[in-house]
Amino acid sequence: MTVDTTTMLDQIKKALNSKIITDSEFSHELINVLDDGRHQVKINCFNEFLKEELSVIINDDCIALLPFGNAHVAKIMAKNNRGESVKLFGYFPEENLRSEDELNYIDGICKTLTAGATEETFGAYD
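Each residue of the sequence shown is one higher than the last, beginning at 0 in numbering that gives the first Met the number 0.
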């Protein structure tokens, strides 16, 4: 199967830029198209606590979600600009977070990258 990555990239850019996804400032870039058609997109946000840019690649086993009440707790294995792993914990308040609900998913990722707690600060109020 031949994949026209230029057309797919245009579709991704249109989807990401056509709707308000999140209040968080972020940038994105297409990394890869998997054999099953899913896209790996790198999302970058400035983390307000660590004072540095962090990124994560979606569809790369870097994001774990655990149902919690009517929401989800997230663990994201992000990377900083030096390539070091940073484990972040966040909260996705959406009641019905599903794989087809990409806007809420991306919003939760951006909020976690921006303001998520690191393992050292998880549960602290400092």
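A virtual CB, placed ideally from N, CA and C, is assigned to each residue, including glycine.
Spell out the partners DSSP gives residue i in its beta bridges.
{"i": "residue 117", "result": "87"}
{"i": "residue 74", "result": "63 and 88"}
{"i": "residue 29", "result": "40"}
{"i": "residue 56", "result": "41"}
Please tell me whether residue i and residue j are closer than 8 Å, where the distance is taken between their beta carbons.
{"i": "residue 62", "j": "residue 70", "result": "no"}
{"i": "residue 43", "j": "residue 54", "result": "yes"}
{"i": "residue 114", "j": "residue 88", "result": "no"}
Have a look at residue i and residue j and give me their C-alpha separation to the nearest angstrom.
{"i": "residue 38", "j": "residue 102", "result": "15 Å"}
{"i": "residue 27", "j": "residue 68", "result": "30 Å"}
{"i": "residue 59", "j": "residue 65", "result": "17 Å"}
{"i": "residue 86", "j": "residue 107", "result": "15 Å"}
{"i": "residue 29", "j": "residue 56", "result": "9 Å"}
{"i": "residue 24", "j": "residue 110", "result": "9 Å"}
{"i": "residue 82", "j": "residue 51", "result": "12 Å"}
{"i": "residue 2", "j": "residue 84", "result": "Below a pLDDT of 50, predicted positions are generally treated as unreliable, and residue 2, at 49, falls in that range; the measurement from the model is reported next regardless. Rounded to whole angstroms, residue 2 to residue 84 spans 31 Å at the Cα level."}
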